[in-house]
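Below is one structure, written out as structure tokens; comments come after it.
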Amino acid sequence: MSHLGVVVNPVAGKGRGRGVGDAVLDGLRRRGHVVSDLTAHDLRTATAHARRAAVAGLDALVVVGGDGLVHLGAQVVAETDLPLGIVAGGTGNDVARALGLPRGDVTASLAAVEAALRTGPRVIDAVRVGSPAHAAHEWFLGALSCGVDAAVNARANALAWPRGSARYVRALLPELRAFRPYGYRVTTDDGVWESAGTVVVAANGPWIGGGVRVAPDARLDDGLLDVVVAGPLTRAGVVRVFPGMYAGRHLRHPQVHVVRTRRVLVEHAAHLGGPPPEAHADGERIGPLPLVAEVVPGAVRVLAPPAG
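Per the UniProt record's numbering: the sequence shown = residues 1 to 308.
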């Protein structure tokens with residue numbers, strides 16, 4: 001019998017999150033676990049609840065929702081021995097997809113949590129991100145978006161419909177109307193990329209935006225980020241490239257490049273273009289550039305099946 005803390009996003013899955021959360025709480029209790037419901041009316045309060053419970057003693061923290069709840073969980077468990085369980089019931093679910101976890105299936109998700117409690121958690125990397133001028137930072141597990149994809153993410157977060165990746169497609173069109181290339185200076189272990197650009201993504205996992213395969217070769221446990229950069233594309237060029245991102249075909253475009261690195265610094269190069277939008281990671285707002293992101297190998301233990 002385990003003591004599990006559970007945090008639910010009640011608005012995940014078009015408002016169905018509360019019902020999913022109740023099913024998770026009931027299912028875990030019926031399986032004999034001691035369950036503490038740590039849900040709150042906002043993510044900041046829920047994070048505080050989870051941290052207090054973790055200090056008091058939990059065997060695992062289970063988040064119920066989408067990538068935003070996974071992001072919350074990462075802030076609590078990173079660089080600790082507390083495992084993170086994921087019941088994916090949100091819009092994107094990109095981290096769950098990368099971990100090979102069930103999505104939208106409570107019964108299968110609880111079975112995955114219990115199996116990993118028995119056999120032991122999987123160890124994956126987490127990424128520390130923050131301003132290079134300050135020590136404060138956040139963690140992310142999926143990807144940091146610093147380009148037009150971040151602007152689309154912000155707009156998609158404000159939409160009530162449709163579900164899944166279609167929300168990001170709907171958000172793309174109005175963003176393109178005002179789009180102009182941004183100015184970037186991106187410093188990695190291999191050097192500096194300085195250009196007008198469209199997309200800069202520092203990916204720990206392959207997917208963003210509910211199934212957009214932005215970094216097909218990214219792995220959650222290789223100690224590296226796949227930094228995807230796209231040079232200056234016109235609005236028409238973005239429209240042509242974007243559909244192929246679902247299958248990773250954007251990497252064939254001559255203006256798209258990937259650099260593998262342990263650390264990346266992303267800055268605005270004002271002489272090359274306008275300021276990039278505020279960055280997002282795991283679908284959550286991080287803030288304006290400059291930002292530095294660094295992989296911390298093995299920083300998170302997740303209740304997920306082994307890689308492969």
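From the three backbone atoms N, C-alpha and C, an ideal C-beta is built for every residue, glycine too.
Range of the contiguous beta strand (DSSP E) that encloses residue i
i: histidine 137; result: From DSSP, histidine 137 is part of no beta strand (DSSP E); its letter is neither H nor E.
i: arginine 51; result: Where arginine 51 is concerned, there is no enclosing beta strand (DSSP E), although the alpha helix (DSSP H) it sits in stretches over 43 to 57.
i: histidine 3; result: 3 to 8
i: arginine 31; result: First-last for arginine 31: undefined, no H or E at that position.
i: histidine 271; result: Counting along the chain, histidine 271 falls outside any beta strand (DSSP E), and DSSP gives it neither H nor E.
i: residue 309; result: Given that the chain is displayed from residue 1 to residue 308, the structure contains no residue 309 and the question cannot be resolved.
i: aspartate 125; result: 122 to 130
i: leucine 291; result: 291 to 302
i: glycine 89; result: Neither: glycine 89 is in no beta strand (DSSP E) and is coded neither H nor E.
i: glutamate 278; result: Segment: none, glutamate 278 is in no beta strand (DSSP E) and carries neither H nor E.
i: glycine 287; result: 284 to 287
i: leucine 82; result: Element bounds for leucine 82: n/a, residue is neither H nor E.
i: alanine 40; result: Unbroken run through alanine 40: none, as it is neither H nor E.
i: arginine 144; result: Strictly speaking, residue 144 in this sequence is leucine, with arginine absent from that position. That run of the beta strand (DSSP E) goes 143 to 145.
Proximity winner among the options, relative to residue i (alpha-carbon distances)
i: glycine 99; options: Val76, Leu233, Val70 and Thr188; result: Sequence inspection shows leucine at residue 99; the glycine mentioned does not correspond to that position. Nearest C-alpha to leucine 99: Val70.
i: arginine 170; options: Ala53, Val239 and Ser36; result: Val239
i: threonine 234; options: Ala196, Gly104 and Ile208; result: Ala196
i: glycine 248; options: Trp207, Ala269, Leu265 and Gly231; result: Trp207
i: glycine 130; options: Arg285, Thr80, Arg30 and Gly298; result: Arg285
i: methionine 1; options: Arg18, Gly32 and Leu28; result: Gly32
i: arginine 213; options: Glu79, Leu220, Tyr246 and Gly237; result: Tyr246
i: glycine 5; options: Pro305, Ala54 and His41; result: Ala54
i: aspartate 222; options: Ala307, Ala40, Arg155 and Arg29; result: Ala307
Contact set for residue i: own chain, Cβ-Cβ below 6 Å, skip 5 residues either direction
i: glycine 66; result: Ala12, Gly90, Thr91, Gly92 and Asn93
i: glycine 15; result: Bear in mind that the predicted position of glycine 15 carries a pLDDT of just 49, short of 50, making it unreliable; the figure below should be weighed with that in mind. Cβ neighbours of glycine 15 beyond the five flanking positions: none.
i: valine 127; result: Phe140, Asn204, Ala293 and Val295
i: histidine 250; result: Val241, Gly244 and Val256
i: glycine 21; result: Val8 and Val64
i: proline 290; result: Pro132 and Glu267
i: arginine 301; result: Pro83, Pro121 and Val123
i: alanine 215; result: Ala203, Pro206, Asp226 and Val228
i: arginine 263; result: Glu294
i: glycine 231; result: Ser195, Gly197 and Gln255
i: valine 259; result: Thr188, Asp190 and Val227
i: alanine 23; result: Val106
Own chain residues within Cβ distance below 8 Å of residue i, not counting five before or after
i: threonine 261; result: Thr188, Asp189, Asp190, Leu224, Leu225 and Val227
i: arginine 44; result: none
Limits of the unbroken alpha helix (DSSP H) element including residue i
i: leucine 110; result: 106 to 119
i: valine 35; result: Looking at the DSSP string, valine 35 is not in any alpha helix (DSSP H); the run it does join, the beta strand (DSSP E), is 34 to 37.
i: glycine 73; result: 67 to 77
i: aspartate 94; result: 94 to 99
Same chain, Cβ closer than 7 Å to residue i, neighbours up to 5 away in sequence not counted
i: alanine 151; result: Glu175 and Pro277
i: alanine 108; result: Pro102
i: alanine 111; result: none
i: valine 113; result: Val62, Gly85 and Leu303
- Task: Mind listing, in chain order, the continuous beta strand (DSSP E) runs of no fewer than 3 residues lying wholly within the stretch 236 to 267?
- Result: 256 to 261
- Task: Please specify which runs of the alpha helix (DSSP H), each continuous and at least 4 residues long, are wholly inside the stretch 150 to 218, giving them in chain order.
- Result: 165 to 177
- Is the number of C-beta pairs between the stretch 180 to 187 and the stretch 268 to 278 that are closer than 8 Å three or more? yes
- Message: Could you check whether the stretch 73 to 90 touches the stretch 190 to 202, counting it as contact only if at least three pairs of C-beta atoms, one from each stretch, sit closer than 8 Å?
- Response: no
- Message: Check whether the stretch 132 to 139 and the stretch 49 to 66 touch, using three or more Cβ-Cβ pairs below 8 Å as the test.
- Response: no
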